[in-house]
Amino acid sequence: DAKTTQPTSMDCAEGRAANLPCNHSTISGNEYVYWYRQIHSQGPQYIIHGLKNNETNEMASLIITEDRKSSTLILPHATLRDTAVYYCIVSVNQGNAAGNKLTFGGGTRVLVKP
Amino acid sequence: DAGITQSPRHKVTETGTPVTLRCHQTENHRYMYWYRQDPGHGLRLIHYSYGVKDTDKGEVSDGYSVSRSKTEDFLLTLESATSSQTSVYFCAIRGTLLNSPLHFGNGTRLTVT
Chain A
1 DAKTTQPTSM DCAEGRAANL PCNHSTISGN EYVYWYRQIH SQGPQYIIHG LKNNETNEMA
61 SLIITEDRKS STLILPHATL RDTAVYYCIV SVNQGNAAGN KLTFGGGTRV LVKP
Chain B
1001 DAGITQSPRH KVTETGTPVT LRCHQTENHR YMYWYRQDPG HGLRLIHYSY GVKDTDKGEV
1061 SDGYSVSRSK TEDFLLTLES ATSSQTSVYF CAIRGTLLNS PLHFGNGTRL TVT
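Sequence lines, in order, name chains A and B. Here the working numbering is used: position 61 in the first sequence is 61, and no number is missing along the way. In the working numbering, each residue's number is its place in the second sequence (first place is 1) plus 1000.
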């Protein structure tokens, strides 16, 4: 699976949009981009995923560049409860039951400040 | 949130004792997984299941066994707990569509003394 690079940490203001970047320059054509977050002492929470088109759901938007070498997760109106470690993962299901091998790297520690 | 319940949430046990962790889902998903999370290692797959009585090993399966007698329940057993198995254990479920995301439970923190 392709490796991802994320900033170690970032702060954002409550109520403002949080833009979390991720580089995945070695992504292959069939690999999806997944975003998860982990709030302290909880399990990883799925946020969104996409292949090449931009995606939006009730939690966030995912913007993938045309060359697919980077992406940005956008939390439109950050709240204090969005403080967490955010993981960007690229992976593909090889077609077996094991599913996607999700390699969680260091992620970005996001602190939402009042 | 996905309907996943892990029990117990916390457990302390002694070396050499058997331990069983339970994962219960209400989503009727076919695929279920057990991961462990340790500092410096991220999430590592222990075992997974692709149906009732259908299970297979992940990357760190030694010392662990699993069973799935019902769609909704996936049990992880440490036959004889060791201190190296002190960890946070997460259960996850996945839908059938290829590249469906995993949804995780809130984990079981296990300490082996």
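Virtual Cβ for every residue (Gly too), placed ideally from N, Cα, C.
Those residues which DSSP pairs with residue 1109 of chain B across a bridge = In DSSP, residue 1109 of chain B forms a bridge with B:1010, B:1088.
Quick one: does residue 7 of chain A have its CB under 8 Å from some CB of chain B?
-> For residue 7 of chain A, the answer is no, since every Cβ of chain B falls outside 8 Å of its Cβ.
In its own chain, which residues sit with a C-beta less than 8 Å from the C-beta of residue 10 of chain A, not counting the 5 before and 5 after it?
-> Within the same chain, residue 10 of chain A has close Cβ partners 18, 20, 108, 109, 110, 111.
Report yes or no: is there a C-beta of chain A within less than 8 Å of the C-beta of residue 1010 of chain B?
-> Not one chain A Cβ lies under 8 Å of residue 1010 of chain B.
Does the beta-carbon distance from residue 64 of chain A to residue 52 of chain A come in below 8 Å?
-> The answer is yes: Cβ separation under 8 Å.
Count the other CB atoms within 10 Å of the CB of residue 1159 of chain B; is the residue buried (16 or more) or exposed (fewer)?
-> Residue 1159 of chain B lies beyond the stretch modelled for chain B, which goes from 1001 to 1113, so this question has no answer here.
Chain B within 8 Å of residue 102 of chain A, Cβ atoms only = Chain B, which has a Cβ nearer than 8 Å to the Cβ of residue 102 of chain A, makes this yes.
Length of the line joining the Cα atoms of residue 88 of chain A and residue 57 of chain A = Distance between the alpha carbons of residue 88 of chain A and residue 57 of chain A: 16 Å.
When the distance is taken between beta carbons, is residue 80 of chain A closer than 8 Å to residue 114 of chain A?
-> The Cβ atoms of residue 114 of chain A and residue 80 of chain A sit closer than 8 Å to each other.
Can you find a CB in chain A that lies within less than 8 Å of the CB of residue 1064 of chain B?
-> Not closer than 8 Å to any Cβ of chain A, the Cβ of residue 1064 of chain B fails to qualify, so no.
Sort A:6, A:103, A:14 by Cα distance to residue 83 of chain A and report the nearest one.
-> Here the closest residue by C-alpha is A:14.
So the beta strand (DSSP E) residue 134 of chain A belongs to, where does it begin and stop?
-> This structure cannot speak to residue 134 of chain A, because chain A is shown only from 1 to 114.
State yes or no: is the beta carbon of residue 117 of chain A nearer than 8 Å to at least one beta carbon in chain B?
-> Because chain A here runs from 1 to 114, residue 117 of chain A falls outside it and cannot be looked at.
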